[in-house]
């Protein structure tokens with residue numbers, strides 16, 4: 001099966017979703033995948049919402065715009081309200097539980113959710129603004145689409161060198177947190193690292209088998 | 212995917228600016244408008260660093276006339292704008308076509324009519340392919356569907372403009388402009404310093420060894436028969452362009468229904484076609500890369516082979532007229548419109564494609 005995943009990342013303007021969207025796309029490119037990144041497009045304003053869509057694929061990417069994504073990074077409550085119902089069956093979402101009440105997360109096994117208290121973890125790392133890279137670390141560990149080392153190696157492409165070490169720590173902190181949670185999830189018995197890529201497969205559309 | 216060569220991760224807009232720089236563009240004249248502002252932003256830094264001239268003009272009208280001036284001097288020059296801005300540039304574009312001045316013009320199509328919105332649209336297909344301004348003229352129109360194509364087409368556009376002494380239009384939209392993708396840049400072009408040597412305006416010495424008659428570049432032809440001659444010359448030029456018509460085809464060989472779509476809609480439709488192929492549906496795609504000249508021969512060939520057609524456009528139905536003209540001896544084309552103001556995704560296209568496939 002060919003590697004393929006798409007993700008919508010959404011949050012408040014300023015939480016850094018566009019930056020981690022770029023970062024994930026760079027990592028995909030570094031791993032020789034085809035990638036597209038498209039930011040939400042509209043008349044945006046400070047304090048409003050922001051989101052971007054990233055597609056990673058071994059095959060040529062048709063649409064950069066995805067209606068029913070296979071994964072989500074949800075940074076705040078309005079983003080959960082907007083995107084959770086659009087997540088494809090079998091998809092996975094990473095939810096910032098610092099800002100989103102866990103009760104709001106969809107139950108019933110249609111989708112999988114990893115709750116990440118990203119604001120608290122970012123504070124632990126030493127900078128509240130690292131909330132985005134904490135979430136991306138958790139995402140990468142949960143989906144296994146690209147290697148965390150690759151993402152770390154791409155940090156310098158999207159941010160000043162002096163804050164790269166902090167963000168390496170943030171990525172790892174998010175990744176460790178997610179792996180622990182996945183390991184304790186009843187539905188996922190196998191080690192999370194091996195189980196995660198498999199999870200993405202059923203969600204893959206039948207179309208990806210062809211050619 | 213490119214072998215070992217370093218790929219750059221850039222917006223379509225940036226890819227266009229980079230392609231222009233690599234093609235030896237020396238002058239950029241523009242006026243801000245969403246969704247193409249990354250192009251002048253990039254040029255204001257990198258074109259200037261490369262020793263070129265960047266002017267943020269006082270208006271689109273001024274920018275287009277500066278472009279005319281630079282082109283008349285044989286300088287590789289470009290402008291970029293979006294739909295309402297293109298409308299303002301049309302007078303100068305008509306003059307450039309009439310007086311055979313090479314130039315590269317970028318339109319990152321946004322919603323219309325009027326000020327419309329800043330989202331993607333293909334509402335300027337008619338304006339782009341039918342000339343756009345007054346008079347009987349055409350532009351060479353290239354329609355990229357990826358950042359790499361945006362780069363490559365812009366890179367090639369300057370050569371095409373100078374080879375045919377005509378403005379070349381790159382027609383994208385907000386999706387093509389704002390989407391980031393990896394591109395593999397080309398080796399920068401070494402532009403012949405004598406380009407346009409026998410017609411460009413560089414000052415005619417009145418004495419000395421270089422003494423020559425002055426040249427005139429104009430679009431006013433008042434003498435008896437003069438304008439007819441000029442128009443016949445233009446017509447012959449447009450006729451000769453037909454060999455430049457280009458398109459991508461995907462899964463058309465055994466297809467019963469061929470979807471025709473260009474630019475961003477072309478790549479989204481390709482996804483839908485691929486999804487339907489996986490479900491065993493005999494559908495294919497033809498994506499015009501040149502909108503003028505239109506790939507009419509390729510379409511006619513498919514029509515002759517018994518295919519049926521569905522045109523998908525991000526407007527109320529414009530390219531469908533060219534598709535119908537191309538296939539008219541053998542077939543017709545159905546139409547599915549995505550209304551400007553909406554962002555389409557592949558899922559939106561599967562049902563209309565299946566409906567068209569089911570109607571025999």
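Chains as they are written, first to last, in the working numbering: chain A, 1 to 211; chain B, 212 to 571. Even glycine gets a Cβ: it sits at the ideal position worked out from N, Cα and C.
Check: Under 7 Å Cβ-Cβ, which residues of chain A neighbour residue 333(B)?
Finding: Correct list: empty, because the minimum Cβ distance to chain A is about 15 Å.
Next item on the list: Spell out the partners DSSP gives residue 238(B) in its beta bridges.
Entry: DSSP lists 264(B) and 288(B) as partners of residue 238(B).
Margin query: So within the stretch 457-489 of chain B, which uninterrupted beta strand (DSSP E) runs reach at least 3 residues, ignoring any that extend past its ends?
Written below: Secondary structure in the stretch 457-489 of chain B: the beta strand (DSSP E) runs of 3 residues or longer, each lying completely within the stretch, are 458-461 and 468-471 in chain order.
Notebook entry, point to check: Residues in the stretch 542-566 of chain B with C-beta within 8 Å of chain A's C-beta atoms, listed in sequence order?
Noted result: Listed in chain order, the positions of the stretch 542-566 of chain B with a beta carbon within less than 8 Å of a beta carbon of chain A are 554, 555, 556, 557, 558 and 559.
Notebook entry, point to check: With which residues is residue 351(B) paired in a DSSP beta bridge?
Noted result: For residue 351(B), which the question treats as bridged, DSSP gives the partners 379(B).
Checklist line | Integer Cβ distance of residue 353(B) from residue 381(B), believed to fall under 8 Å | finding: 5 Å between Cβ atoms; contact.
Next item on the list: Could you check if residue 217(B) is buried or exposed, using at least 16 other CB atoms within 10 Å of its CB as the buried criterion?
Entry: It counts as exposed.
Next item on the list: Give the straight-line distance between the Cα atoms of residue 233(B) and residue 417(B), rounded to the nearest whole angstrom.
Entry: For residue 233(B) and residue 417(B), the distance between alpha carbons rounds to 36 Å.
Notebook entry, point to check: Which whole-angstrom value describes the C-beta separation of residue 496(B) and residue 481(B), a residue pair presumed to lie in contact below a C-beta threshold of 8 Å?
Noted result: Taking the Cβ atoms as the reference, residue 496(B) lies roughly 5 Å from residue 481(B), within the contact range of under 8 Å.
Next item on the list: Check distances from the C-beta atoms of the stretch 383-411 of chain B to those of chain A and list, in chain order, the residues that come in under 9 Å.
Entry: The residues in question are 385, 386, 389, 390, 391, 392 and 393.
Checklist line | Min CB distance residue 523(B) to chain A below 8 Å | finding: Residue 523(B) does not count as touching chain A.
Item checked: Reference residue 502(B); option with closest CA among 532(B), 273(B) and 436(B) -> For residue 502(B), the nearest C-alpha among the options comes from 532(B).
Check: Relative to chain A, which residues along the stretch 449-483 of chain B have a C-beta separation below 7 Å, given in chain order?
Finding: Contact residues of the stretch 449-483 of chain B toward chain A are 478, 479, 481 and 482 (C-beta to C-beta distance below 7 Å).
Next item on the list: Would you list, in chain order, the members of the stretch 23-38 of chain A that have their beta-carbon closer than 8 Å to a beta-carbon of chain B?
Entry: Listed by position along the chain: 25, 26, 29, 32, 34, 35, 36, 37 and 38.
Note to self: If I measure Cβ to Cβ from residue 247(B) and keep anything under 7 Å in the same chain, skipping five residues before and after, which residues do I get?
What the structure shows: Only 224, 291, 292, 293, 317, 319 and 388 meet the Cβ criterion.
Item checked: Own chain, CB closer than 8 Å to residue 324(B), minus 5 neighbours either side, in chain order -> Excluding its 5 nearest sequence neighbours in each direction, residue 324(B) has C-beta neighbours in its own chain below 8 Å: 334, listed in chain order.
Item checked: Cβ neighbours of residue 282(B) in the same chain (closer than 7 Å, five flanking residues each side left out) -> Excluding its 5 nearest sequence neighbours in each direction, residue 282(B) has C-beta neighbours in its own chain below 7 Å: 288, 307, 312, 313 and 314, listed in chain order.
Checklist line | alpha helix (DSSP H) segments (min. 4 residues) lying fully within the stretch 102-177 of chain A | finding: Runs of the alpha helix (DSSP H) lying entirely within the stretch 102-177 of chain A, each at least 4 residues long, are 118-125, 131-143 and 148-158 in chain order.
Check: Is the shortest distance between the beta-carbon of residue 160(A) and the beta-carbons of chain B less than 8 Å?
Finding: No, residue 160(A) does not count as interfacial toward chain B.
Checklist line | Run of the alpha helix (DSSP H) containing residue 25(A), from where it starts to where it stops | finding: If you look at residue 25(A), you'll find it in the alpha helix (DSSP H) that goes 17-30.
Note to self: Only counting the same chain, and skipping five residues up and downstream in sequence, which positions put a Cβ closer than 6 Å to that of residue 567(B)?
What the structure shows: Within the same chain, residue 567(B) has close Cβ partners 468, 521 and 545.
Check: Just how far apart, CA to CA, sit residue 474(B) and residue 493(B)?
Finding: Looking at the two C-alpha atoms, the distance is approximately 23 Å.
Check: When you check each C-beta in the stretch 50-67 of chain A against every C-beta of chain B, which residues fall closer than 7 Å?
Finding: Here the close residues are 62, 63, 64, 65, 66 and 67.
Check: Of all the options 142(A), 131(A) and 76(A), which has the alpha carbon lying nearest to the alpha carbon of residue 5(A)?
Finding: Closest by C-alpha distance to residue 5(A), out of 142(A), 131(A) and 76(A), is 142(A).
Item checked: Range of the contiguous beta strand (DSSP E) that encloses residue 93(A) -> Under the DSSP assignment, residue 93(A) falls in the beta strand (DSSP E) whose first and last residues are 92-96.
Check: Under 9 Å Cβ-Cβ, which residues of chain A neighbour residue 376(B)?
Finding: Taking the beta carbon of residue 376(B) as reference, no residue of chain A falls within 9 Å; the closest one sits roughly 36 Å away.
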